[in-house]
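Under this note's numbering, the letters of the sequence shown match residues 6 to 334, in that order. Quick reminder that beta carbons are idealized off the backbone N, C-alpha and C, glycines included. One structure is given here, and the rest of the page talks about it.
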Amino acid sequence: MIDNIVVVSRIRLARNISHKPFSNNTSTDIADGILTCVFNALEDISNFDMFECKNLKNDVLEELLEDHLISSELINNSDISGVAISEDRSVSIMVNEEDHIREQCFLDGLNLKRAYDIISDIDTELVDNLDIAYDEKLGFLTACPSNVGTGLRASVMMFLPGIVLTNNVDEMINAVTPYGVCVRGCYGEGTSANGYLFQISNQISLGKTEEEIVQLVESTALKIVELEKMALNNLLNNRYDDIKDEIYRDYGILTNCYKISSEEAIEKLSKVKMGLNMGVIEIDNPHIIDQILNNVSRVKINKMYGNDMDCNHRDICRAEYIRNALKEN
């Protein structure tokens with residue numbers, strides 16, 4: 006049940022090169038030098054595909070953003086930024102984002118400790134090979150004060166329809182905020198919780214060890230898992246018939262619609278996913294719902310069917326893809 010609620014774990018480390026201005030105050034020449042320096046260091050560490058953002062098409066950048074491999078800030082800095090991505094796409098190293106280096110590792114489910122071990126090994130190599138900005142009292146120096154110290158941000162993406170539908174989001178936020186944990190939308194600060202997805206992460210990294218931060222976010226995630234279970238039980242006990250009817254109606258629309266927007270598709274697929282977690286609906290391959298959710302965006306539909314289409318045609322293609330995927334599974 007935990008892995009149905011905790012979708013993915015991420016560890017991110019922020020690092021900067023000593024005696025170089027932060028990315029938002031640097032020159033193109035300095036930024037190019039940092040990019041070359043980091044890419045050269047990564048060549049000796051592991052197998053990465055390395056890209057300069059200015060050489061990538063907009064739809065490629067948008068797809069990488071949707072997959073959380075890069076950030077909006079990196080795209081905004083596309084004239085000076087780059088990214089290195091591991092073969093299995095579990096690790097990405099962003100260069101010249103808000104900080105000179107943003108290292109991150111993603112793993113399915115609640116796997117913060119394993120993700121930390123993976124990114125820590127890469128970070129050790131980078132620190133050994135680059136002149137990283139570090140202060141003996143403060144720790145790693147970063148562009149944003151909240152990242153000073155370990156430079157570590159531990160986060161989990163959580164699927165919380167029960168908490169949303171029982172109107173307990175504010176209660177959840179109030180319960181975890183005093184412990185130094187923040188709750189955001191699925192794409193980070195300032196974004197909404199599309200598809201009942203929330204990002205849970207530590208607020209600051211100064212004054213705590215890496216292990217303490219990882220443990221804090223993991224223990225908070227487990228508390229939220231229990232809150233979500235309670236909320237789902239509440240729905241089962243008090244609104245079973247209505248919830249089941251909504252889920253079956255949504256599944257019926259998904260299997261029969263002629264056209265559908267990405268927003269409506271995400272809403273209905275997320276409701277069906279909730280139904281699978283609650284045991285009120287069964288399909289032969291429940292994992293297909295997550296696969297479809299990952300493929301219904303504008304960028305992914307364009308990639309499948311061709312870029313040259315208007316919104317109406319895209320909605321028709323999206324519906325066709327969903328119908329076929331569900332019928333095959």
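- In this structure, Thr147 keeps its C-beta atom at 8 Å or more from the C-beta atom of Val181.
- When DSSP states are grouped into helix, strand and coil, Arg15 belongs to the strand group.
- Rounded to the nearest angstrom, the gap between the Cα atoms of Phe145 and Thr31 is 19 Å.
- The continuous stretches of beta strand (DSSP E) do not include Ile123, which lies in the alpha helix (DSSP H) extending over residues Leu117 to Asn134.
- By the CB criterion at 8 Å, Lys264 and Ile321 fall inside the cutoff.
- When rounded, the separation of the alpha-carbon atoms in Lys276 and Ile252 is 6 Å.
- Glu71 and Ser14 have their C-alpha atoms some 16 Å from each other.
- The three-state secondary structure of Ser160, taken from DSSP, is strand.
- Segment contact: the region 147-156 against the region 33-49, fewer than three CB-CB distances shorter than 8 Å; contact not assigned.
- For Asp8, the enclosing alpha helix (DSSP H) has its first and last residue at Ile7 to Ile10.
- The alpha-carbon separation between Gly190 and Ile205 amounts to approximately 9 Å.
- In the DSSP assignment, Val188 falls within the beta strand (DSSP E) that extends over Val186 to Gly190.
- Excluding residues up to 5 positions away in sequence, Arg158, Ala159, Gly185, Val186, Ile218, Leu221 and Val222 lie with their Cβ nearer than 7 Å to the Cβ of Asn207 in the same chain.
- With fewer than 16 other CB atoms across the displayed protein chains lying within 10 angstroms of its CB, Ser23 is exposed.
- In this structure the region 58-67 lies against the region 300-309, because at least three pairs of beta carbons, one per stretch, are closer than 8 Å.
- In the DSSP assignment, the residues bridged to Cys110 are Ile16 and Val96.
- Going by DSSP, Gln204 is part of no alpha helix (DSSP H) but of the beta strand (DSSP E) stretching over Leu202 to Asn207.
- In the three-state reduction of the DSSP assignment, Phe145 falls in the strand class.
- Boundaries of the beta strand (DSSP E) around Val88: Gly87 to Ser91.
- The region 229-239 makes contact with the region 163-172, as at least three CB pairs between them are under 8 Å.
- Residue range Phe53 to Glu57 is occupied by the beta strand (DSSP E) that includes Met55.
- Look at Gly38 here: in three-state DSSP terms it is helix.
- About 16 Å separates the beta carbon of Ile258 from that of Gly200, a gap too long to meet the 8 Å contact definition.
- By the beta-carbon neighbour count (other beta carbons within 10 angstroms, threshold 16), Ile7 is exposed.
- With a 10 Å radius around the Cβ and a threshold of 16 neighbouring Cβ atoms, Arg94 comes out exposed.
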